[in-house]
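Just so you know, we're using UniProt numbering here: the sequence shown kicks off at 1 and counts up by one. All remarks here apply to the structure that follows.
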Amino acid sequence: MSQSYGRGRYQFQQGAYQGYATQPQRAPYNPNYQPRKKSGCKETVGKTKKTVISGYRKSNGQFMTFVATQNNGDNAHAKGGKVITNKKGQEYTRWTAKLINKTIGTVSTVSCLYNHTTGKLYFPDLNLVANPKAPNGGYWGKSSRPKR
1 MSQSYGRGRY
11 QFQQGAYQGY
21 ATQPQRAPYN
31 PNYQPRKKSG
41 CKETVGKTKK
51 TVISGYRKSN
61 GQFMTFVATQ
71 NNGDNAHAKG
81 GKVITNKKGQ
91 EYTRWTAKLI
101 NKTIGTVSTV
111 SCLYNHTTGK
121 LYFPDLNLVA
131 NPKAPNGGYW
141 GKSSRPKR
């Protein structure tokens with residue numbers, strides 16, 4: 001039960017909302033405002049003049065970030081001495097990404113593929129895709145194409 005307190009003709013109840021508000025001021029969902037972003041990705045140029053793609057993702061109560069750069073060495077464009085191309089003729093570059101799960105505190109390194117024609121970064125083992133050119137701040141999330 002709520003307890004009433006106050007002086008004179010103004011009575012306040014503890015646990016009840018005052019004024020015109022029908023819900024607490026910090027409600028978890030308000031249809032009048034745009035919902036928060038759950039993922040983002042951007043492409044920048046690092047100190048060594050290399051392209052760096054970084055992003056964040058919040059899903060299933062986990063907050064993950066990544067930083068990806070192009071591999072060093074002679075086999076950056078090749079797999080066993082051959083250029084990486086798909087059936088459509090699109091060229092891919094091997095990249096390395098550092099995944100950080102900020103909720104648990106784990107750090108892992110994974111390999112990924114950068115598509116030159118679309119500008120997307122694919123994580124084939126995790127079935128994720130990062131698109132820094134997507135509207136509204138980029139996207140990092142589930143890939144629509146199946147695992148290979």
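Using N, Cα and C, we set each Cβ at its ideal position, and we do this for glycine too. Model, not experiment: these values are computed from the prediction.
Quick one: give me the first and last residue of the beta strand (DSSP E) that residue i is part of.
i	result
residue 150	No statement about residue 150 is possible, as the shown extent of the chain runs from 1 to 148 and does not include it.
Pro49	At residue 49 the sequence reads Lys, which differs from the Pro that was named. Counting along the chain, Lys49 falls outside any beta strand (DSSP E), and DSSP gives it neither H nor E.
residue 160	There is simply no residue 160 to check, as the chain begins at 1 and stops at 148 in what is shown.
Gln62	62-70
Lys142	139-142
Lys98	92-101
Tyr122	121-123
Near residue i, which residues of its chain fall below 6 Å by C-beta distance, leaving aside the five closest residues on each side in sequence?
i	result
Lys120	Val129, Asn131
Ile100	Thr65, Val107
Gly141	Ser39
Glu91	Thr85, His116
Ser59	none
Tyr56	Gly40, Thr65
Tyr114	Thr93, Trp95, Leu121
With a CB to CB cut of under 8 Å and the five nearest residues on each side skipped, what residues in its chain are close to residue i?
i	result
Lys50	Thr69, Gln70
Lys37	Asn136, Gly137
Phe63	Tyr56, Arg57, Asn101, Lys102, Thr103
Have a look at the options and flag the residue whose alpha-carbon is nearest the alpha-carbon of residue i.
i	options	result
Val52	Lys58, Tyr122, Ala97, Gly141	Ala97
Thr65	Val110, Pro124, Asn115, Lys102	Lys102
Lys88	Asn60, Asn32, Pro35, Thr118	Thr118
Gly46	Ser111, Val67, Cys112, Leu113	Val67
Please go through the same chain and pick out, in chain order, the residues whose beta-carbon is closer than 7 Å to the beta-carbon of residue i, but skip the five residues on each side of it.
i	result
Glu43	Thr51, Ile53, Pro132
Cys112	Ala68, Trp95, Ala97, Leu121, Tyr122, Phe123
Asp125	Val110
Gly81	Because Gly81 carries a pLDDT of 47, less than 50, the predicted location of this residue cannot be relied on, and no value is offered for it.
The stretch 99-112 contacting the stretch 136-145, beta-carbon criterion three pairs below 8 Å: no
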